[in-house]
Every structure is written in structure tokens, then in C-alpha cells.
Amino acid sequence: MVTLTSDGAEVGSAYTDSSGAFTAPVQFTRIEAGRHTVIAECGVRLTGAVDQVVTRSSGGQTGTLVILVFFVLAGSTVIRFR
5 MVTLTSDGAE VGSAYTDSSG AFTAPVQFTR IEAGRHTVIA ECGVRLTGAV DQVVTRSSGG
65 QTGTLVILVF FVLAGSTVIR FR
């Protein structure tokens, strides 16, 4: 049995195969941007790092709409003063 921890909290577990290899999903309870150390303990202590990135979206294509409106207004101004 392998127990995975990060910052003192358990984030996953798995069983090793006959050669000692294992694969396990890691599930953090909190999302905090930055690098986090994950420790696997199964008699031997293994460490690795996980980078968490937090992104934010305004939920739309606001930038595209602003550019489109700009070009429509610029085009109508050019046509008007021609």
C-alpha cells in the first residue's frame, strides 16, 4: 500500500504491482497556485512535485466583440467621409 500526502494531508493512495511500480491519481482538497511537494510512503519515502495553476476567465468573447465593434465603427467612418 502506498499513501500519498502533500502538506500533511492525504491526497491519494495505491497498491504496488509485483515490481514495486504504482500509479495513483492525486486529489487536492484545496486549489492553491504554486508548486506542491507530494510524498509517497510505502516503506520507502519518495517525493515529487506538482504545479497547480489557477486561471480565470471572464466567460465570454468580450475582447473579440470590442475589436469587431471598433472595426465596424472605423469602417463606417471611412465610408461616411469618402
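Take the sequence shown: its position 53, counted from the start at 1, is 57 in this note's numbering, and no numbers get skipped.
The beta-carbon is built from N, C-alpha and C at its ideal position, and this holds for glycine as well.
All figures in this text were calculated on a predicted structure; none of them were measured in a lab.
Distance from the Cα of T27 is smallest, within the candidate group S17, T33, G79, E36, for S17. In this structure, the alpha-carbon of F75 lies about 10 Å from that of V82.
Within the same chain, Cβ atoms closer than 6 Å to the Cβ of T9 are found at I43, the five residues on either side in sequence being excluded. Using a Cβ distance threshold of 7 Å, R39 and D55 count as a contacting pair.
Counting of Cβ neighbours within 10 angstroms places V15 among the buried residues, the total reaching 16 or more. As the crow flies, the alpha-carbon of Q31 is around 39 Å from that of V70.
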